[in-house]
Amino acid sequence: MLETLLDLDTRLFLFLNSLHAPTWDTIMWYISEKEFWYPFYGILIAVMVWRYKWNAIATLLFIALLITLSDQISVKVFKEGFERFRPTHNPEIGHLVHTVRGYHGGDFGFVSSHAANTFAMAYFTTRLFRNRYYGWFIFIWAAVVSYSRIYLGVHYPLDILGGALLGIGLGFLVFKLYMWFGEKYLRRTYYG
Numbered sequence: 002m003l004e005t006l007l008d009l010d011t012r013l014f015l016f017l018n019s020l021h022a023p024t025w026d027t028i029m030w031y032i033s034e035k036e037f038w039y040p041f042y043g044i045l046i047a048v049m050v051w052r053y054k055w056n057a058i059a060t061l062l063f064i065a066l067l068i069t070l071s072d073q074i075s076v077k078v079f080k081e082g083f084e085r086f087r088p089t090h091n092p093e094i095g096h097l098v099h100t101v102r103g104y105h106g107g108d109f110g111f112v113s114s115h116a117a118n119t120f121a122m123a124y125f126t127t128r129l130f131r132n133r134y135y136g137w138f139i140f141i142w143a144a145v146v147s148y149s150r151i152y153l154g155v156h157y158p159l160d161i162l163g164g165a166l167l168g169i170g171l172g173f174l175v176f177k178l179y180m181w182f183g184e185k186y187l188r189r190t191y192y193g
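Using our numbering, the letters of the sequence shown map in sequence onto residues 2 to 193.
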């Protein structure tokens with residue numbers, strides 16, 4: 002069963018990774034770079050500060066906690082625990098993988114830290130802002146960033162799915178902790 006699932010994952014990866022073009026190479030490279038998103042993060046921070054004033058400090062600390070947990074668990078527990086080679090490092094298919102700018106990533110890829118971090122942020126901030134349009138936007142953003150990792154050849158689809166589930170789960174838990182903190186120490190729920 003597991004072997005069949007991994008075979009399907011590899012086949013789907015090879016299909017998705019084969020859909021490339023020079024223009025998309027450049028676009029996906031930048032979508033995958035965290036520095037490209039700094040202006041977006043700056044806008045999110047500005048909205049939080051405008052909306053929550055001094056309480057934004059607590060909000061930003063919980064987001065920092067969330068991203069730290071997501072990033073470290075995806076690497077220390079999953080990547081180092083499962084040791085599933087990235088497609089670029091897989092000796093059976095590595096020669097078939099389309100890469101961009103010679104980028105191959107680290108040795109192991111399950112789960113995707115990009116997927117875990119972006120979906121964690123998407124879940125937490127969607128619950129925070131409670132705006133349907135923002136929710137659609139941020140989850141599409143997380144999906145596109147995650148897909149860029151398949152496009153670049155460094156993650157299988159199951160790496161992305163695992164990362165997304167990890168991120169959403171952590172987003173749920175940290176948001177619950179955030180709400181408890183807000184009610185207990187700030188004497189109010191401070192979202193919405």
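Backbone N, C-alpha and C define an ideal beta-carbon position, used for all residues, glycine too.
Inset, instruction - Look at the Cβ atom of I68, then the Cβ atom of A143, and state whether they are nearer than 8 Å. - result: no
Inset, instruction - Spell out the partners DSSP gives F86 in its beta bridges. - result: F109
Inset, instruction - Determine the closest residue to A165 out of T119, W137, R131, I151, with distance taken between C-alpha atoms. - result: T119
Inset, instruction - Please name the residue, chosen from F79, I32, W55, that lies closest to L159 on a Cα-to-Cα basis. - result: F79
Inset, instruction - Tell me whether the beta-carbon of L167 lies closer than 8 Å to the beta-carbon of I74. - result: yes
Inset, instruction - Check the C-beta distance from F86 over to F109 and give it rounded, since I have them as a contact under 8 Å. - result: That belief holds up - the Cβ atoms of F86 and F109 are roughly 6 Å apart, short of 8 Å.
Inset, instruction - Give the straight-line distance between the Cα atoms of V175 and G136, rounded to the nearest whole angstrom. - result: 18 Å
Legend entry - Residue burial classification, F83 (beta-carbon count within 10 angstroms, cutoff 16): exposed
Legend entry - I94 versus P40 - alpha carbon distance: 37 Å
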